[in-house]
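Asker: Once you've had a glance at the structure underneath, I'll fire off some questions.
Below is the structure:
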């Protein structure tokens, strides 16, 4: 019994450290920003940083905890971004209290992303490994391309939809275009702030960490470790796979909401909602250590800040970025580095020695 | 008294191969039953048919009066059949304690929301689960290793953990697939005692596949011998092992 208590405390302690890092980092950055000792470029990077952290933590739920490779994460972010931006633009003059409008937009963005998670998850989660990766990649691209041909306008007689162009909307003279195909949505209120971003990170961490350490999380990890054995003890594999996938999609949707409300113009292209982004998020997860939530956060921070901090080195920038990628990989996965880490940096971590 | 497990005319084909044909077995409550046969005779296939991994082409499986023929693995687990595997299948990256707690999954409930928000229901049920899991681990002398990753346990203890996990589902029938595989004579002896203990302590009905004749003749009350997918002999352990047909087919002479 005593060992158990000790163990529970250890997990709790480790989780508290994770929350603590976020809060301390926020406090430090906020102080630096308010004293003006930080460049405006770096300051502008704070919200995107929060977005990447949320994306990395949420993808870790699928890649690290469920053990399935998903390359369509940016697609769910795209769904969350566009539905919430659409909502906020429509409600701009109806709901004037910005925080309330943002919270509603957030809930809608997450809910729609979760619905997409279920719709896409039901067919694709029958696949595994490489096949799942390719199919999710395709679905991500489909979402991005669908958004690019979507035209929505509103006039006195209501909403108009088209997949061709603005003229096809057939609006009255008083109509306004809300979603303009490849030009996306313009005029979304800029409601995202660094504080909101950090709060969303904390909520994401709270959901993911608590889920992992619950009955559901154990079932999900059991499926990852051995699907046949999980079935044999009565775990509903389809249900828990879908649960992990959907929660992950909803959280990616939240990141999308944050993204949409940080820009005045929201468009869907390869760099923000395409496979480039999906792969980027996967890189955070893999480099941070698959399954390690704190690791994905740290990797997201380093790999987002690095290219900006190295801007002065111009041509050598991407070279150094690549070297850092390799070094991080070595630090995380090479046996010698792991040994060194366990010796000197094993605060509050479970010792994983073998019996006998 | 009606038998706990009643199997009639069970069969399955894979392509042109009739892997199991006309398999009958009837196991009484709290009986220790052995299933033996040469390699490739279809023993594990029978287990897979009983646990819903494969769907039988013919036959019926009745567990405690309930028809479980062709049901899904999860439903059969809920109906009360638990198993271990010939090649150990643990949740390797989970702790020993969590492995057993996954086994308790369907017996202790709280909702996802309760889990995420850490509501009182979560705390209460998790405490119950921890206590129950530790009790089970204690039976197998694994309580001292509750924190270890399952993959870090030595082989013999991994086998024990698999049995503990199966028992966590509170089954009526426990299927053990070659529990003594890869064990030395000492470990096998220990295992025999443990299987007996499990039967007495949990009032468990056990069907086991085994090649180790010492174990089979030592603890099984009844035996069924499979050969080429068909039942070759069936009955009390001593009479089956002395059956000349069995000796030629299996033990060799």
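Chains as they are written, first to last, in my numbering: chain F, 444 to 799; chain C, 143 to 395.
C-beta: ideal position from N, C-alpha, C; glycine also.
Given the structure is predicted, the values throughout are model-derived calculations rather than measurements.
#1: Give the interface partners of residue 384 of chain C over in chain F, defined as CB-CB distance under 9 Å, in chain order.
#2: With a threshold of 8 Å between beta-carbons, can residue 247 of chain C be considered close to chain F, or not?
#3: Under a CB-based cut-off of 8 Å, is residue 232 of chain C close to chain F?
#4: In chain C, which residues lie with their C-beta within 9 Å of the C-beta of residue 657 of chain F?
#5: Give the residues from the segment 587 to 610 of chain F that approach chain C closer than 8 Å (Cβ to any Cβ), ordered along the chain.
#6: At 7 Å on the CB atoms, spell out the chain C contacts of residue 653 of chain F, in chain order.
#7: Reducing DSSP to helix, strand and coil, say where residue 231 of chain C ends up.
#8: Nearest chain C C-beta to residue 661 of chain F closer than 8 Å, yes or no?
#9: Rounded to the nearest angstrom, what separates residue 529 of chain F and residue 711 of chain F at their Cα positions?
#10: For the alpha helix (DSSP H) that contains residue 606 of chain F, what are its first and last residues?
#11: Relative to the C-alpha of residue 748 of chain F, which candidate in F:456, F:459 and F:496 has its C-alpha closest?
#12: Quick one: what's residue 175 of chain C bridged to in DSSP?
#13: Counting contacts by CB-CB distance shorter than 8 Å, is residue 573 of chain F in contact with chain C?
#14: If I measure Cβ to Cβ from residue 195 of chain C and keep anything under 7 Å in the same chain, skipping five residues before and after, which residues do I get?
#15: Taking C-beta pairs closer than 8 Å, name the residues in chain C that residue 691 of chain F reaches, listed in chain order.
#16: Note down the Cα distance separating residue 277 of chain C from residue 270 of chain C, rounded to an integer number of angstroms.
#17: Grab me the residues of residue 454 of chain F's own chain with a C-beta within less than 7 Å of its C-beta, minus the 5 sequence neighbours each way, in chain order.
#18: In or out: residue 797 of chain F buried (at least 16 other Cβ within 10 Å) or exposed?
#19: Would you call the segment 205 to 220 of chain C and the segment 250 to 263 of chain C touching, i.e. three or more CB-CB distances under 8 Å?
#20: Quick one: which chain F residues come within Cβ less than 8 Å of residue 112 of chain C?
#21: Output the distance between the C-alpha atoms of residue 96 of chain C and residue 299 of chain C, rounded to the nearest integer angstrom.
#22: Mind checking who residue 165 of chain C pairs with in its DSSP beta bridge?
#23: Could you confirm whether any beta carbon from chain C is found closer than 8 Å to the beta carbon of residue 795 of chain F?
#24: Mapping DSSP to helix, strand and coil, what is residue 652 of chain F?
#25: Find out if the Cβ-Cβ distance for the pair residue 183 of chain C, residue 168 of chain C is shorter than 8 Å.
#26: Whole angstroms is fine: what's the gap from residue 563 of chain F's alpha carbon to residue 181 of chain C's?
#27: How far does the alpha helix (DSSP H) with residue 300 of chain C in it extend, from its first residue to its last?
#28: Looking only at C-alpha atoms, which of F:631, F:731, F:774 and F:644 sits nearest to residue 706 of chain F?
Answerer: Quick answer:
#1: Under the 9 Å cutoff, chain F gives no residues; its nearest Cβ is about 35 Å from residue 384 of chain C.
#2: Against chain F, the CB of residue 247 of chain C has a partner CB under 8 Å away; the residue lies at that interface.
#3: yes
#4: 252, 254, 256, 257, 258, 260, 264 and 268
#5: none
#6: 257, 258 and 260
#7: Here residue 231 of chain C sits in coil by DSSP.
#8: yes
#9: In this structure, the CA atom of residue 529 of chain F is about 14 Å from the CA atom of residue 711 of chain F.
#10: Element bounds for residue 606 of chain F: n/a, residue is neither H nor E.
#11: F:496
#12: C:349 and C:364
#13: no
#14: 215
#15: In chain order: nothing, as chain C lies at least about 14 Å away.
#16: 11 Å
#17: 656
#18: Confidence in residue 797 of chain F is poor, its pLDDT being 40 and thus under 50, which makes the residue's placement unreliable; the coordinate value appears in the next sentence. Under this definition residue 797 of chain F is an exposed residue.
#19: no
#20: For residue 112 of chain C there is no data in the structure shown, the boundaries of chain C being 143 and 395.
#21: Only positions 143 to 395 of chain C appear in this structure, which leaves residue 96 of chain C out of reach.
#22: C:152
#23: Here residue 795 of chain F scores only 44 on pLDDT, less than 50, and its place in the model is too uncertain to base an answer on.
#24: Of the three classes helix, strand and coil, the one that applies to residue 652 of chain F here is helix, per DSSP.
#25: no
#26: A direct Cα-to-Cα measurement between residue 563 of chain F and residue 181 of chain C gives close to 44 Å.
#27: 297 to 310
#28: F:631
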